């Protein structure tokens with residue numbers, strides 16, 4: 001494992017750990033549906049843990065923490081796995097620190113990828129990753145080689161988004177490292193998402209739900225995974 005951690009004693013087997021994406025997943029439901037989930041994690045499910053796992057940066061998550069219709073997370077995995085913090089925004093170390101050591105820095109990434117005209121930088125909060133819009137057909141062998149030379153990974157989703165991430169970092173890998181560090185029963189972890197940037201949460205081996213409005217490419221990728229349920233409605 002690329003992330004070192006101190007493993008805690010495993011929590012009780014029956015204690016659910018829900019790791020959910022935000023945009024298109026938790027935030028796609030009605031306010032009433034959000035309140036139902038909030039009530040479950042406010043005492044309806046004793047000992048349950050909630051983890052936001054999102055492509056958003058922390059700056060764009062903070063306003064959601066004061067939304068009374070949303071359940072409060074125990075942990076947040078942001079920046080497509082490159083940020084790992086407690087629900088009160090304290091870094092989960094050493095996981096968070098170890099991710100930072102893998103990142104070559106935004107300036108190095110932007111300089112390396114400057115020749116690629118198909119890329120347009122996203123003006124959203126982002127840490128330990130660089131996010132772009134990409135034109136159709138823009139992911140070339142040359143682009144992949146440039147990202148490889150940075151010792152980074154390339155993640156493409158929703159037909160137009162591209163993230164450059166530290167090598168080995170993804171939503172799924174960061175979730176697994178967090179679960180092991182905090183002593184969660186891995187079999188009690190359930191993940192939910194809707195786009196290809198959620199794929200790693202399912203292929204890491206967790207039980208999963210794919211929401212009804214999910215990206216078709218994600219549905220196709222997880223269709224044969226035995227522990228994944230594909231919903232027909234949001």
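Residue numbers (our numbering): 1 to 234. We put the CB at the ideal spot given by N, CA and C, even for glycine. Keep in mind it's a predicted model, so treat the numbers as computed, not measured.
Legend entry - Three-state secondary structure (DSSP) of residue 38: On the chain shown, position 38 is the one that residue 38 refers to. Collapsing the DSSP output to three states places residue 38 in a helix.
Legend entry - Buried or exposed (CB count within 10 angstroms, at least 16 for buried), residue 96: Taking the chain shown and counting its residues from 1, one reaches residue 96 at position 96. Counting Cβ neighbours within 10 Å, residue 96 comes out buried, since at least 16 surround it.
Legend entry - residue 52 versus 119, 149, 155 and 17, residue with shortest Cα-Cα distance: Position 52 of the chain shown, counted from the first residue, corresponds to residue 52. With distances taken between Cα atoms, residue 52 lies closest to 17.
Legend entry - Alpha-carbon to alpha-carbon, residue 172 and residue 227: One-based indexing of the chain shown puts residue 227 at position 227. One-based indexing of the chain shown puts residue 172 at position 172. Using only the alpha carbons, I get a separation of about 15 Å.
Legend entry - The alpha helix (DSSP H) enclosing residue 221, as first and last residue numbers: Reading the chain shown from its first residue, position 221 is the one you call residue 221. It spans 216 to 222 - the alpha helix (DSSP H) in which residue 221 sits, taken as one unbroken run.
Inset, instruction - On the DSSP bridge assignment, give the partners of residue 20 in chain order. - result: Residue numbering aside, residue 20 sits at position 20 when the chain shown is read from its first letter. Partner(s): 52 and 192.
Legend entry - 6 Å CB neighbourhood of residue 25 in its chain, flanking five on each side removed: By one-based count along the chain shown, residue 25 stands at place 25. By the criterion of a C-beta distance shorter than 6 Å, residue 25 is surrounded in its chain by 192, 193, 194 and 211, once the five residues flanking it on both sides are discounted.
Inset, instruction - Starting from the Cα of residue 118, find the closest Cα among 66, 131, 231 and 47 and give me that residue. - result: Here the question's residue 118 lines up with position 118 in the chain shown. When only C-alpha atoms are compared, the closest one is 131.
Inset, instruction - Only counting runs of 3 or more residues, tell me where the beta strand (DSSP E) segments fall wholly within the segment 126 to 151, in order along the chain. - result: Whole beta strand (DSSP E) segments, 3+ residues: 130 to 134.
Inset, instruction - In the DSSP assignment, find the alpha helix (DSSP H) that holds residue 175 and state where it starts and stops. - result: In the chain shown, counting from the first residue as 1, residue 175 sits at position 175. Start and end: 171 to 181.
Inset, instruction - Starting from residue 120, follow its DSSP beta bridges and name the residues at the other end. - result: Taking the chain shown and counting its residues from 1, one reaches residue 120 at position 120. Paired residue(s): 133.
Legend entry - Proximity winner among 170, 79, 32 and 190, relative to residue 250 (alpha-carbon distances): This structure cannot settle anything about residue 250, because the visible part of the chain is limited to 1 through 234.
Inset, instruction - Could you pull the start and end residues of the alpha helix (DSSP H) that residue 102 belongs to? - result: In the chain shown, counting from the first residue as 1, residue 102 sits at position 102. Looking at the DSSP string, the run of the alpha helix (DSSP H) that includes residue 102 is 95 to 102.
Legend entry - Rounded separation between residue 20 and residue 220 - CA only: Against the chain shown, residue 20 aligns to sequence position 20. Against the chain shown, residue 220 aligns to sequence position 220. For the pair residue 20 and residue 220, the Cα-to-Cα distance works out to about 20 Å.
Inset, instruction - For residue 61, collect the residues of the same chain with a Cβ closer than 8 Å to its Cβ; drop the 5 residues on either side in sequence, then sort them by chain order. - result: Walking along the chain shown from the start, residue 61 turns up at place 61. When the five nearest sequence neighbours on each side are left out, the beta carbons in the same chain lying within less than 8 Å of the beta carbon of residue 61 are those of 22, 52, 54, 76 and 78, in order along the chain.
Inset, instruction - With DSSP collapsed to three states, give me the class of residue 63. - result: Within the chain shown, numbered from 1, the residue matching residue 63 stands at position 63. Of the three classes helix, strand and coil, the one that applies to residue 63 here is helix, per DSSP.
Legend entry - Where residue 84 falls: helix, strand or coil (DSSP): As a working note, residue 84 is residue 84 in the chain shown. In the three-state reduction of the DSSP assignment, residue 84 falls in the strand class, which pools E and B.
Inset, instruction - Spatial neighbours of residue 112 within its chain, please: CB distance less than 6 Å, with the 5 preceding and 5 following residues excluded, ordered by chain position. - result: Numbered from 1 along the chain shown, position 112 holds the residue referred to as residue 112. Around residue 112: 146 and 150.
Legend entry - Best match in 232, 33 and 218 for proximity to residue 156 [C-alpha to C-alpha]: Within the chain shown, numbered from 1, the residue matching residue 156 stands at position 156. Residue 156 has its Cα closest to that of 218, out of 232, 33 and 218.
Inset, instruction - Starting from the C-beta of residue 231, find all residues in its chain whose C-beta is less than 7 Å away, skip the five residues before and the five after it, and write them out in chain order. - result: Along the chain shown, one-based indexing puts residue 231 at 231. Correct list, in chain order: 209, 210, 211 and 212.
Inset, instruction - State the Cα-Cα distance for the pair residue 216 and residue 28, rounded to the nearest angstrom. - result: Here residue 216 is taken as the residue at index 216 of the chain shown, counted from 1. Here residue 28 is taken as the residue at index 28 of the chain shown, counted from 1. Those two C-alpha atoms are separated by around 17 Å.
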